[in-house]
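**Q**
Set out below in structure tokens:
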């Protein structure tokens with residue numbers, strides 16, 4: 049039941065939000081299987097990233113006693129948290145991609161699988177970099193854990209997960225998506241799995257951006273974590 053719920057939860061999120069968004073749009077037509085699976089896969093990536101952010105906002109405070117009284121490289125705490133969430137993500141992804149390949153026709157599925165593997169690898173390191181950054185942010189501003197959940201839900205409903213045609217969106221929504229890193233990650237993911245049916249694309253921009261951010265986040269964490277024990 050536990051693993052079944054892990055796989056079903058993103059599907060329930062995607063289905064519920066897709067229904068709400070369709071109602072708000074005034075859409076009365078049937079939703080095709082391609083759109084449903086794309087929404088599931090988009091929500092899966094989004095919810096995994098949000099789970100990492102929310103889980104690491106308070107991770108240093110939660111392990112205060114360990115950090116203060118035990119000498120160890122506690123920079124690994126966010127890495128452990130990310131790895132656990134990432135393994136769960138892989139199980140969900142395996143199910144979703146299996147359906148995506150089986151039910152949705154793809155002319156270049158071999159290239160798409162290569163792009164997916166690259167994205168999945170890059171995504172892990174992007175999550176690690178994010179975890180390091182938000183762990184420090186959460187220590188400085190603990191109230192973020194109360195503010196961010198509704199903000200993330202709103203951003204999700206405005207994101208490419210539910211709006212594939214960005215040109216048709218109001219200008220303000222396009223600006224929000226342009227400034228939202230999660231929307232960029234989802235767009236890169238959708239390009240990798242060929243949601244638009246125009247051919248899978250390698251997430252080069254995400255790859256290069258992740259390398260830069262990971263290097264910066266690691267440097268920031270190694271410097272700032274030395275002071276964390278004093279703050280705690």
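In this note's numbering, the protein residues as written are 49 to 280. For glycine and all other residues, C-beta sits at the position ideal for the given N, C-alpha and C.
Let me check understanding here. Comparing Cα to Cα, which of 211, 270, 244 and 184 lies closest to residue 110?
**A** Residue 184 is the option with its Cα nearest to residue 110.
**Q** Quick check on DSSP: helix, strand or coil for residue 122?
**A** Note: residue 122 maps to coil in three-state DSSP.
**Q** Does the segment 216–227 come close enough to the segment 117–125 that 3 or more CB-CB pairs lie under 8 angstroms?
**A** No, the segment 117–125 is not in contact with the segment 216–227.
**Q** Tell me, please, whether the segment 232–246 touches the segment 89–108 by the rule of three or more beta-carbon pairs shorter than 8 angstroms.
**A** At 8 angstroms Cβ cutoff, the stretches touch.
**Q** Tell me whether residue 245 sits in a helix, a strand or coil according to DSSP, three-state version.
**A** DSSP places residue 245 in coil when its eight states are reduced to three.
**Q** Helix, strand or coil for residue 178, going by three-state DSSP, please let me know.
**A** Here residue 178 sits in helix by DSSP.
**Q** Identify which residue in 80, 174 and 222 has its Cα closest to the Cα of residue 264.
**A** Of 80, 174 and 222, the residue nearest in Cα terms is 174.
**Q** Pull up the distance between the alpha-carbon of residue 198 and that of residue 150, whole angstroms please.
**A** Rounded to whole angstroms, residue 198 to residue 150 spans 35 angstroms at the Cα level.
**Q** Would DSSP call residue 156 helix, strand or coil?
**A** The answer is coil: DSSP assigns residue 156 none of H, G, I, E or B.
**Q** Go ahead and label residue 244 buried or exposed: buried means 16 or more other beta carbons lie within 10 angstroms of its beta carbon, across all protein chains shown.
**A** Residue 244 is exposed by the Cβ-count criterion.
**Q** Tell me the DSSP secondary structure of residue 207 in three-state form.
**A** Three-state DSSP puts residue 207 in coil, outside helix and strand.
**Q** Tell me, please, whether the segment 100–114 touches the segment 125–142 by the rule of three or more beta-carbon pairs shorter than 8 angstroms.
**A** They touch, by the three-pair rule.
**Q** Nearest to residue 258 by alpha carbon, out of 155, 118 and 170?
**A** Checked all of 155, 118 and 170; the closest Cα to residue 258 is 170.
**Q** Comparing alpha-carbon positions, which option in 87, 81, 273 and 84 lies nearest residue 188?
**A** The shortest C-alpha separation from residue 188 is found at 273.
**Q** Would residue 241 and residue 157 qualify as a contact pair, given that the criterion is a beta-carbon distance under 8 angstroms?
**A** Taking 8 angstroms as the Cβ cut-off, residue 241 and residue 157 do not qualify as a contacting pair.
**Q** Tell me the DSSP secondary structure of residue 281 in three-state form.
**A** Since the first residue of the chain shown is 49 and the last is 280, residue 281 is not available in this structure.
**Q** With a threshold of 6 angstroms on Cβ separation, who are the neighbours of residue 180 within its own chain once the five nearest residues in sequence on each side are excluded?
**A** Within the same chain, residue 180 has close Cβ partners 126, 265 and 269.
**Q** Report the three-state DSSP secondary structure of residue 104 (helix, strand or coil).
**A** Residue 104: helix per DSSP, three-state reduction.
**Q** Which first and last residues belong to the alpha helix (DSSP H) in which residue 117 is found?
**A** Taken as a continuous stretch (DSSP letters only), the alpha helix (DSSP H) holding residue 117 covers 112–117.
**Q** To which residues of the same chain is residue 192 closer than 7 angstroms at the C-beta, ignoring the five residues directly before and after it?
**A** Closer than 7 angstroms at the Cβ level, and outside the excluded window around residue 192, lie 105, 185 and 186.
**Q** By DSSP, does residue 219 sit in helix, in strand, or in coil?
**A** The answer is helix: DSSP assigns residue 219 an H, G or I state.
**Q** Kindly list the residues whose CB is nearer than 7 angstroms to the CB of residue 247, restricted to its own chain and excluding five residues on each side of it in sequence; keep chain order.
**A** The answer, listed in chain order, is 156.
**Q** What distance in whole Å lies between the Cβ atoms of residue 262 and residue 177, which are believed to be in contact at a cut-off of 8 angstroms?
**A** Indeed, because the Cβ distance is near 4 angstroms, the residues count as touching under 8 angstroms.
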